[in-house]
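Engineer:
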């Protein structure tokens, strides 16, 4: 069975949420469910398995958290939430503590990069919900510090990212530890074949919920691509940072690129933090907290490290480097324009990245505005862009084998 919606005006009460949780939601100033919450909560409250296709920032945590907490309040058992990164796990842990803490439910975050001793202390408090990354949960299972035989509700969040990061074997191993009689909720931005196969084997007649087709991006994001030479990127970023005064999230392709860019911006007296895998867990946590509190106006991030970023009021996302995977473009720009607000995304591309841009446009089913600059319109220019009836000129660019110029015609 498949359900697809765009919006709703129903409140949480009409979805069957209990009075106690309604009071908590009211204290958090949450009155209207998001589309994924509107369709997921009734299914979850009914105890059915579900597969939810939704992008980052759509309210998935409460979509599965409310049904999980309702069930654990009235029945013995535990909940287990599996996530790809420690940052995302900490964000979900914080949200579930906000929701369930006032009702007496305890959580334990079991993540890598953190001293296992502190996690053992949390486990001694007999938590109701485990929020875990696959690798660290496997460690606890081998130590015997965690048992999953009482798990009644299992959630696989950001499932596509967990598979992309190579966690499929760990997930399969964990599924052998949890009871077969359980409720399973799976959420993913995309639905690759590997996830469908897992669902067919480990889920029972799941309800399919889709609030946005896979590959579509946030409708309220104004998107532009600035085409320039690689050596012009930094100066252009400086101009943008002086134009936009709010919080800015900048994505780089590599951790070394993130580190170097952060150092350069620091020397230019910008309030900047970085988050990538070369940093310790505590350093990444401090960067995230500083960005959320506005101590740092700018955050430089890589794709994997940024999966836990859940910050409201990000004015601008800058793709300093285009991502290797077009789907990461969707994840990146989805971090602006949250909660119905207008967002802005600017991407930098070099003249030989036409193939990458066309791949993104096919995925989002939308033409992205290309912008040229006076710095690139100099003497001895030749057209290297022909697309949609437009010709855009850029400076001399040496073709590399296999490079895809924008709309290059064959046989010329």
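Residue numbers (my numbering): 9 to 420.
Built from N, CA and C at the ideal position, the CB exists for glycine as well.
1. Counting along the chain, where does the beta strand (DSSP E) carrying residue 379 start and finish?
2. Going by DSSP in three states, residue 88 sits in which element: helix, strand or coil?
3. When the Cα atoms are used, what is the spatial distance from residue 192 to residue 59?
4. Give the C-beta separation of residue 344 and residue 322 to the nearest angstrom, bearing in mind that I take them to be a contact with Cβ-Cβ under 8 angstroms.
5. Pick from 186, 216 and 178: whose alpha carbon is nearest that of residue 438?
6. From this set, 265, 332, 333 and 334, which residue's C-alpha is nearest residue 307's C-alpha?
7. Can you grab the Cα-Cα spacing for the pair residue 254 / residue 275, in whole Å?
8. Could you check whether residue 296 and residue 166 sit closer than 8 angstroms to each other, using their CB atoms as the reference points?
9. Counting only the same chain and skipping the five closest in sequence on each side, list residues whose C-beta sits under 6 angstroms from that of residue 171.
10. For residue 27, count neighbouring C-beta atoms within 10 Å of its own C-beta (all shown protein chains included) and say buried if the count is 16 or more, exposed if not.
11. Just mark residue 374 as buried or exposed, buried being the case when its beta carbon has 16 or more other beta carbons within 10 Å.
12. Quick check on residue 208: buried or exposed, where buried means 16 or more other Cβ atoms within 10 Å of its Cβ?
13. Here's the rule I'm using: 16 or more other beta-carbon atoms within 10 Å means buried, otherwise exposed. How should residue 36 be labelled?
14. Leaving out the 5 sequence neighbours to the left and right, which residues in its chain are closer than 8 angstroms to residue 90 when beta-carbon positions are compared?
15. Is the stretch 236–252 touching the stretch 67–74 in the sense that three or more CB pairs, one from each, lie closer than 8 angstroms?
16. Do you know how far the Cα of residue 33 is from the Cα of residue 61?
17. So for residue 76, helix, strand or coil by DSSP?
18. Relative to the C-alpha of residue 120, which residue among 285, 261 and 44 is closest?
19. According to DSSP, residue 122 sits in a beta bridge with which residue or residues?
20. Give the DSSP-derived three-state secondary structure of residue 22 in the structure shown.
21. What span of residues does the beta strand (DSSP E) with residue 216 cover, start to end?
22. Let me know if residue 393 comes out buried or exposed under the rule of 16 or more other beta-carbons within 10 Å of its beta-carbon.
23. Taking the C-alpha atoms as reference points, what is the distance between residue 104 and residue 358?
24. By the 10 Å Cβ neighbour count, where 16 or more other Cβ atoms means buried, how is residue 320 classified, buried or exposed?
25. To test your reading of the DSSP string, which unbroken beta strand (DSSP E) runs of 3 or more residues are found completely within the stretch 155–204?
26. Quick one: what's got a C-beta closer than 7 angstroms to residue 260's C-beta in the same chain, skipping five residues either side?
27. In the DSSP assignment, find the alpha helix (DSSP H) that holds residue 31 and state where it starts and stops.
28. For my contact list, residue 44 and residue 77 are in at a C-beta cut-off of 8 angstroms; report their separation, rounded to the angstrom.
Structural biologist: Taking the definition as stated:
1. Your numbering for residue 379 matches position 371 in the chain shown. 377–379 is the span of the beta strand (DSSP E), which, as asked, contains residue 379.
2. Translated into the one-based positions of the chain shown, residue 88 becomes position 80. It is a strand residue.
3. Along the chain shown, one-based indexing puts residue 192 at 184. Along the chain shown, one-based indexing puts residue 59 at 51. Approximately 9 angstroms, taken between the alpha carbons.
4. As a position in the chain shown, residue 344 is number 336, starting the count at 1. As a position in the chain shown, residue 322 is number 314, starting the count at 1. Yes, they are in contact, since the Cβ atoms of residue 344 and residue 322 sit about 5 angstroms apart, within 8 angstroms.
5. Residue 438 is absent from the model: the chain starts at 9 and stops at 420.
6. Counting from 1 along the chain shown, the entry for residue 307 is found at position 299. Measuring from the Cα of residue 307, the nearest candidate turns out to be 265.
7. Here residue 254 refers to the residue found at position 246 when the chain shown is read from its first residue. Here residue 275 refers to the residue found at position 267 when the chain shown is read from its first residue. Using only the alpha carbons, I get a separation of about 20 angstroms.
8. As a working mapping, residue 166 is identified with position 158 in the chain shown. As a working mapping, residue 296 is identified with position 288 in the chain shown. In this structure, residue 296 does not lie closer than 8 angstroms to residue 166 by Cβ.
9. The residue labelled residue 171 in the question sits at position 163 within the chain shown. Same-chain partners within the cutoff: 202.
10. The residue you call residue 27 lines up with position 19 of the chain shown. So residue 27 ends up on the exposed side.
11. Position 366 of the chain shown, counted from the start, is the residue given in the question as residue 374. Under this definition residue 374 is an exposed residue.
12. Stepping through the chain shown from its first residue, residue 208 is reached at position 200. That one is exposed.
13. As a position in the chain shown, residue 36 is number 28, starting the count at 1. Exposed, by the Cβ-count rule.
14. The residue given as residue 90 occupies position 82 in the chain shown. 140, 141, 142, 145, 162, 163, 164, 165, 170, 179 and 182, listed in sequence order.
15. no
16. As a first step, residue 61 must be located in the chain shown, where it is residue number 53. As a first step, residue 33 must be located in the chain shown, where it is residue number 25. One C-alpha to the other measures close to 24 angstroms.
17. Residue mapping note: residue 76 aligns to position 68 of the chain shown, counting from 1. Correct three-state label for residue 76: helix.
18. Reading the chain shown from its first residue, position 112 is the one you call residue 120. Residue 120 has its Cα closest to that of 285, out of 285, 261 and 44.
19. Indexing the chain shown from 1 puts residue 122 at position 114. BP columns for residue 122 are empty, so no partner.
20. Taking the chain shown and counting its residues from 1, one reaches residue 22 at position 14. Reduced to three states, the DSSP call for residue 22 is helix.
21. Counted from its first residue, the chain shown places residue 216 at position 208. Residue 216 -> beta strand (DSSP E) spans 215–218.
22. Translated into positions along the chain shown, residue 393 becomes position 385. Unreliable placement is indicated for residue 393, whose pLDDT of 45 sits below 50; the coordinate value is still reported in the next sentence. Classification of residue 393: buried, given that the 10 Å Cβ count is 16 or more.
23. Working through the chain shown from its first residue, we reach residue 104 at position 96. Working through the chain shown from its first residue, we reach residue 358 at position 350. Whole-angstrom Cα-Cα distance: 43 angstroms.
24. In the chain shown, residue 320 corresponds to position 312, counting from 1. Residue 320 should be labelled exposed.
25. 159–164 and 191–196
26. Position 252 of the chain shown, counted from the first residue, corresponds to residue 260. Excluding sequence neighbours, residue 260 sits near 266, 269, 308, 310, 328 and 329.
27. As a working mapping, residue 31 is identified with position 23 in the chain shown. Looking at the DSSP string, the run of the alpha helix (DSSP H) that includes residue 31 is 27–35.
28. Taking the chain shown and counting its residues from 1, the one referred to as residue 44 is at position 36. Taking the chain shown and counting its residues from 1, the one referred to as residue 77 is at position 69. In fact, because the Cβ distance is near 17 angstroms, the residues do not count as touching under 8 angstroms.
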